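The structure appears right after this line, and notes come after that.
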Amino acid sequence: MAQENDLDHGLRDNLEATYRAVSTGMEQILHKSIPVLDHGFIRVVDYMGNDAAVVRAARVSYGRGTKKVSEDRGL
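Everything in the sequence shown is counted per this note's numbering, starting at 2 for the first residue and increasing by one.
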């Protein structure tokens, strides 16, 4: 399948540093084709954050911060 292999080659040759949250599990499958059923496939082309990003977003949503919740689990 030509479309399946379009992104599999060459994208990891040009790596750059990033300031965004990195998920090692997602990085391992990023841009790789994963077969689905008989003739299909899926490919992760991007992702948004990791578990720490969710915690940061919850803290930001409180505005000035939290008075009682100091542990991530409480968010």
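Think of the CB as a built atom: it goes at the ideal place given N, C-alpha and C, for glycine as much as any other residue. All of these numbers come straight from a predicted model, not from anything done at the bench.
Distance CB(residue i)-CB(residue j) smaller than 8 Å
| i | j | result |
| --- | --- | --- |
| residue 45 | residue 30 | yes |
| residue 18 | residue 53 | no |
Paired residues, beta bridge with residue i - DSSP
| i | result |
| --- | --- |
| residue 34 | 44 |
Cβ-based neighbour list, residue i, same chain, cut-off 6 Å, excluding 5 preceding and 5 following
| i | result |
| --- | --- |
| residue 37 | 43 |
Residues of its chain near residue i, where Cβ-Cβ distance is below 7 Å and the 5 sequence neighbours each way are ignored
| i | result |
| --- | --- |
| residue 24 | 48 and 51 |
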